[in-house]
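Participant: Which chain is which? The protein sequence lines are A and B, in order.
Quick note: the first sequence uses the working numbering, first residue 1, plus one each step.
Quick note: the second sequence uses the working numbering, first residue 1001, plus one each step.
A virtual CB, placed ideally from N, CA and C, is assigned to each residue, including glycine.
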Amino acid sequence: MTPQSRLDLLDPAEVARLGGIEIVAAGVVEGFLAGLHRSPFRGFSVEFTEHRAYQPGDELRYVDWRILARSDRLFVKQFEEETNLRAMILVDASRSMAWRGAPQRLTKRAYADRLAAALALVLLRQRDATGLVTFDDAVRQVVPARVKAGQWARLVRGLLDTPDGRGTAAHAALRHLTSLLTRRGMVLLLSDLLFDPDLALTALRYLRHRGHQVIVYHLMDPAELALEGPPEARFRDLESDVSVVVRPRELAQAYAQTVARAITQWRVACRRQGIAYHHVTTDTPFGMALRLLA
Amino acid sequence: MSFLHPLALIGLAAAAIPALLHLLHRRTPPEVDFPAVRYLTAAERESARRLKLRHLLLLVLRTALVIAIVLAAARPLVPMRAGGAHEPTALVVVLDNSPSAGAIVEGRATLERLRRVARASIASATTADRLWLVMADGVVRGGGRDALLAIVDSAGVDARRLDLAAVVGRAARVADAEPAPAREVHVVSDLQRTALGVGRAEIPTSVRVLVLAPGGAPPPNRGVAQAQVAEGVVNLTLSGTPGALPVPATVRWRGREAGRVLAGPGDAASVPLPPGPPGWSVGEAELEPDELRADDRRLFAARIAPAARVAAGPGAGPFVEAALGVLRQGRRIDVGSDVTIGDRPGPGVTVVLPPDDPALVGQVNRALAARGIPWRLEGGGTPGVVASEALEMIAGGTVRRRYRLVGATDSAAVLARVHGEPWLVRDDETVLVGSRLDTAWTSLPATPAFVPFVDALVNRVARGEAPIRTAEGVPRVEFERRAADTVGATVFGLDARESDLTPASPALGERVLGGAVLSEAQLAAARFAGARRADASGWLLLLALVLALAEVAVAILTR
Chain A
1 MTPQSRLDLL
11 DPAEVARLGG
21 IEIVAAGVVE
31 GFLAGLHRSP
41 FRGFSVEFTE
51 HRAYQPGDEL
61 RYVDWRILAR
71 SDRLFVKQFE
81 EETNLRAMIL
91 VDASRSMAWR
101 GAPQRLTKRA
111 YADRLAAALA
121 LVLLRQRDAT
131 GLVTFDDAVR
141 QVVPARVKAG
151 QWARLVRGLL
161 DTPDGRGTAA
171 HAALRHLTSL
181 LTRRGMVLLL
191 SDLLFDPDLA
201 LTALRYLRHR
211 GHQVIVYHLM
221 DPAELALEGP
231 PEARFRDLES
241 DVSVVVRPRE
251 LAQAYAQTVA
261 RAITQWRVAC
271 RRQGIAYHHV
281 TTDTPFGMAL
291 RLLA
Chain B
1001 MSFLHPLALI
1011 GLAAAAIPAL
1021 LHLLHRRTPP
1031 EVDFPAVRYL
1041 TAAERESARR
1051 LKLRHLLLLV
1061 LRTALVIAIV
1071 LAAARPLVPM
1081 RAGGAHEPTA
1091 LVVVLDNSPS
1101 AGAIVEGRAT
1111 LERLRRVARA
1121 SIASATTADR
1131 LWLVMADGVV
1141 RGGGRDALLA
1151 IVDSAGVDAR
1161 RLDLAAVVGR
1171 AARVADAEPA
1181 PAREVHVVSD
1191 LQRTALGVGR
1201 AEIPTSVRVL
1211 VLAPGGAPPP
1221 NRGVAQAQVA
1231 EGVVNLTLSG
1241 TPGALPVPAT
1251 VRWRGREAGR
1261 VLAGPGDAAS
1271 VPLPPGPPGW
1281 SVGEAELEPD
1291 ELRADDRRLF
1301 AARIAPAARV
1311 AAGPGAGPFV
1321 EAALGVLRQG
1331 RRIDVGSDVT
1341 IGDRPGPGVT
1351 VVLPPDDPAL
1361 VGQVNRALAA
1371 RGIPWRLEGG
1381 GTPGVVASEA
1391 LEMIAGGTVR
1401 RRYRLVGATD
1411 SAAVLARVHG
1421 EPWLVRDDET
1431 VLVGSRLDTA
1441 WTSLPATPAF
1451 VPFVDALVNR
1461 VARGEAPIRT
1471 AEGVPRVEFE
1481 RRAADTVGAT
1491 VFGLDARESD
1501 LTPASPALGE
1511 RVLGGAVLSE
1521 AQLAAARFAG
1531 ARRADASGWL
1541 LLLALVLALA
1551 EVAVAILTR
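#1: Residues of chain B with CB under 7 angstroms from A/Gly57, in chain order?
#2: Can you tell me whether A/Met88 is helix, strand or coil according to DSSP?
#3: Per DSSP, what kind of secondary structure is A/Arg306 in: helix, strand or coil?
#4: Quick one: is B/Glu1551 near chain A, going by C-beta distance under 9 angstroms?
#5: The stretch 92-103 of chain A: which residues have C-beta closer than 7 angstroms to a C-beta of chain B, in chain order?
#6: Mind checking if A/Arg105 is an interface residue toward chain B, Cβ cutoff 9 angstroms exclusive?
#7: Under DSSP, the alpha helix (DSSP H) around A/Tyr54 begins and ends at which residues?
#8: Should B/Val1552 be labelled buried (16 or more other beta-carbon atoms within 10 Å of its own) or exposed?
#9: Whole angstroms is fine: what's the gap from B/Gly1464's alpha carbon to B/Ala1311's?
#10: Using the Cα positions of B/Arg1208 and B/Leu1432, report the straight-line distance between them to the nearest angstrom.
#11: Given a cut-off of 9 angstroms, decide if B/Gln1226 and B/Ala1496 are closer than it, judged by their beta-carbon atoms.
#12: Would you say B/Glu1031 reaches chain A, if we count a Cβ-Cβ gap shorter than 9 angstroms as a contact?
#13: My assumption, with CB atoms under 8 angstroms, is that A/Asp137 sits in contact with A/Gly165. Please give the rounded CB distance.
#14: Should B/Val1037 be flagged as near chain A, meaning a C-beta pair shorter than 9 angstroms?
#15: Short of 9 angstroms Cβ to Cβ, which residues in the stretch 1051-1068 of chain B face chain A?
#16: Comparing the C-beta of B/Glu1046 with each C-beta of chain A, is any distance below 9 angstroms?
#17: Assuming the contact rule is C-beta atoms closer than 8 angstroms, A/Leu225 and A/Ala252 should be a hit. Round their C-beta distance to whole Å, please.
#18: List the DSSP bridge partners of A/Ile263.
#19: Strictly below 9 angstroms CB to CB, what residues from chain B border A/Ala203?
#20: Can you check whether the C-beta of A/Pro144 is within less than 9 angstroms of a C-beta belonging to chain B?
#21: Quick check: the Cα distance between A/Val292 and A/Pro12, rounded to an integer number of angstroms?
#22: Rounded to whole angstroms, what's the CA-CA distance from B/Leu1492 to B/Phe1300? Just pull it up for me.
#23: Which residues of the stretch 267-278 of chain A have a Cβ closer than 8 angstroms to any Cβ of chain B? Give them in chain order.
#24: When the cut-off is 9 angstroms and only beta carbons count, does B/Thr1127 lie next to chain A?
#25: According to DSSP, simplified to helix, strand and coil, what is B/Leu1091?
#26: Which residue spans inside the stretch 1414-1485 of chain B form an unbroken beta strand (DSSP E) run of at least 3?
#27: DSSP three-state label for B/Glu1202, please.
#28: Quick test of your reading: B/Glu1498 and B/Ser1098, contact by CB under 8 angstroms. State the CB separation rounded to the nearest angstrom.
#29: I think B/Asp1500 touches B/Thr1194, with their Cβ atoms under 8 angstroms apart; what is that distance to the nearest whole Å?
#30: Of all the alpha helix (DSSP H) runs that stay within the bounds of the stretch 175-216 of chain A, which reach a length of 4 or more residues?
#31: Checking 9 angstroms against the spacing of the C-beta atoms, do A/Arg86 and A/Arg205 come in under that value?
#32: Within its chain, find whatever has a CB closer than 8 angstroms to the CB of B/Gly1313; leave out the 5 residues flanking it on each side and keep chain order.
#33: Please go through the same chain and pick out, in chain order, the residues whose beta-carbon is closer than 6 angstroms to the beta-carbon of A/Asp128, but skip the five residues on each side of it.
#34: Let's see if you can read the secondary structure: which residues bound the alpha helix (DSSP H) around A/Tyr62?
#35: Is it buried or exposed, A/Ala266, if we count other Cβ atoms within 10 angstroms and call 16 or more buried?
#36: Let's see if you can read the secondary structure: which residues bound the alpha helix (DSSP H) around B/Asn1097?
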């Protein structure tokens, strides 16, 4: 597979035109795993349980060389705890996520859906129990974490069945999530984080205290990083209907500084809580976003 | 501050354009959906003060830019102590090109200096100034700068005298009548003492008078002030700078030199004229050339009349007959009947004396009336002394008896008066005397002036004296004609006061003309000094450029 044909490295919008979430996510994951030298999610246990066929992306150290020598076929060894990782993917479905700064780009929600599907596929291929929660001002869809066959399809359906919401209340959604994650596991939050950071951080901090590994994908459209527009415009918030009249040229620098400061504040706050924070723009190839977990 | 183009100030309304554009632009901004309004609000809140300051600064800069451009277009004039232009001024330049301006002072013509200074005054004016030029002819010429400069350049010495006090007063009134921010009168003259006239110029307080000081020490000058012929003699009077040495004066008559005398300013001299045939003749009296040539020559005219043919009529009296006899002997009169003298009006030229018999007075009056003479004799005249300008020889003579001459009101016909009442009158061909020429009536027959009086009476008064008038102007003689006869003459010449080149003292000039007497350099500095202005449009355009650059800098740097 040449780099030019690897979907994980192509422009997300172009990749999205290939088909539905499943196709895109599968293609992305295939390309991603083909180029991966080391699995990002390694089981915690070392107790061998069974063999499974080698898949691109599997680490070579888990290849069973004896079987290779005997049968000339590649098998990797799997360990007991590898299947015990419970990952929960939280996808922000608020109205602000259904926005894109340019027609040729994916909305943040579309990007998040495809990234979530790809993440889920990667996790499920590693036999990690993977679940899904979509939320806006309330929890909309909950797909409990499973590892059984058909789980990925359920996850994808959960994404598809979640319409674009209105407001955002991540705090409530995250609190509800804590009741769903009874065992320690991994929580991946895919959101534009356009909500009250203090409340959201409180919930994330609670998850960390419960022993969860928390990973935050801060999704932003490139147009949210650099303010552009007509000489003067009334910018209306999609969720709160708050509006403000500004001249983009005048405020561009201050806005860019404010956004950069907000990103930094999120990054610092997450780091303090042991939360992995990744800032991703919607023009970032999916493979690059997946690699952030490596 | 004033403006050369005040109408351009209407453009100041454009100063509102930046504010209006700002307001209009703010009214309907397009609406844009944007999820990260919370960041936008935070940025806007943090930058609000800076943006407000930026907007205010840009508004001020743009408004100031428009104002600066509009003001520059209006060409503002700002007060300055030195240099620069001046605000619109009503300027009257008095150029004294009277005859004295033709004098050569220190090797240069005075008029050249005066023209140069007048030219500088006019050339310093701007198109916003109102200009007038007054010269010795007294005409107040208004016009543009170039037109007046052309007049100054072509101005020569005028034969007319300029009464500076009167002209400066008039010039000041002309300037005062003009609704200009400043008013000035520049008096460019040699400042002759005699040119100041009498009285003082009335200068309105709003008018500034600048007087050019004399250029140098005046040269000694002599001029012929007067030349008149009387009784076959030319009487000369000289004028000029006091203390000037006498010079020879030559009298020419009928193309020949009639005589020469030595005279100085203030001196009078007489030169007898040689006898000649009857008729009008023009002569001249001329001095040796000096620094002022215009007054070195003066014309005169005289009429040599043939001897009158006189007859003594009834009632003439013995004294008259005796006087006529003397005159006949002296060839002053001849025998004939051109003129009759008696107590009855004759058919021709008649000198009528009152009849000795009062009963005949009514007959005389009727005869006078029949000839259309408006005068008549009336009794009741009181004795008195004769007063006469036309017949100086009888002035002071005593009149013991007289009739009152009443009837006409034409004072020009009265040649002599007693107690202010007519005593000797002339109407057409009739001369009427209020007293008989007898010692019982008047003392005149007993005086030496009696024969000359009778001579004048029959030769000049009765036959009609041809008047010779004098007037100011280019030296020449103009004759007055009636049909084929020459009945009078006017001799033109310069005003005798022009010969005295003595300048007035600065104090006198300032007192009479009401302005400062300044040297040429001082006048150049003081000219329009009260209204000196600089055109600030250049500075305003520079300011506009700076404002534009500042606006661009603020717009870019504070973006």
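Facilitator: Reading off the structure:
#1: Correct list: empty, because the minimum Cβ distance to chain B is about 35 angstroms.
#2: strand
#3: Given that chain A is displayed from residue 1 to residue 294, the structure contains no residue 306 of chain A and the question cannot be resolved.
#4: no
#5: Ser96, Trp99
#6: no
#7: Run containing A/Tyr54: none; DSSP gives neither H nor E here.
#8: exposed
#9: 17 angstroms
#10: 60 angstroms
#11: yes
#12: yes
#13: 6 angstroms
#14: yes
#15: Leu1051, Arg1054, His1055
#16: yes
#17: At roughly 10 angstroms, the Cβ-Cβ gap does not stay under 8 angstroms, so A/Leu225 and A/Ala252 are not in contact.
#18: A/Ile263 pairs with nothing; no bridge assigned.
#19: Within chain B, no residue comes near A/Ala203; the closest Cβ sits about 18 angstroms away, beyond 9 angstroms.
#20: no
#21: The amino acid at residue 292 of chain A is misidentified as Val; the sequence shows Leu. One C-alpha to the other measures close to 16 angstroms.
#22: Contrary to the premise, residue 1492 of chain B reads as Phe rather than Leu in this sequence. Going by the C-alpha atoms only, they are around 9 angstroms apart.
#23: none
#24: no
#25: strand
#26: 1414-1418, 1421-1427, 1430-1433, 1468-1472, 1476-1482
#27: coil
#28: 6 angstroms
#29: 5 angstroms
#30: 197-209
#31: no
#32: Thr1340, Ile1341, Gly1342, Asp1343, Arg1344, Gly1346, Thr1350
#33: Leu85, Ala87
#34: That residue, A/Tyr62, is in no alpha helix (DSSP H); it is neither H nor E in DSSP.
#35: Going by the sequence as given, residue 266 of chain A is Trp instead of Ala. That one is buried.
#36: Unbroken run through B/Asn1097: none, as it is neither H nor E.
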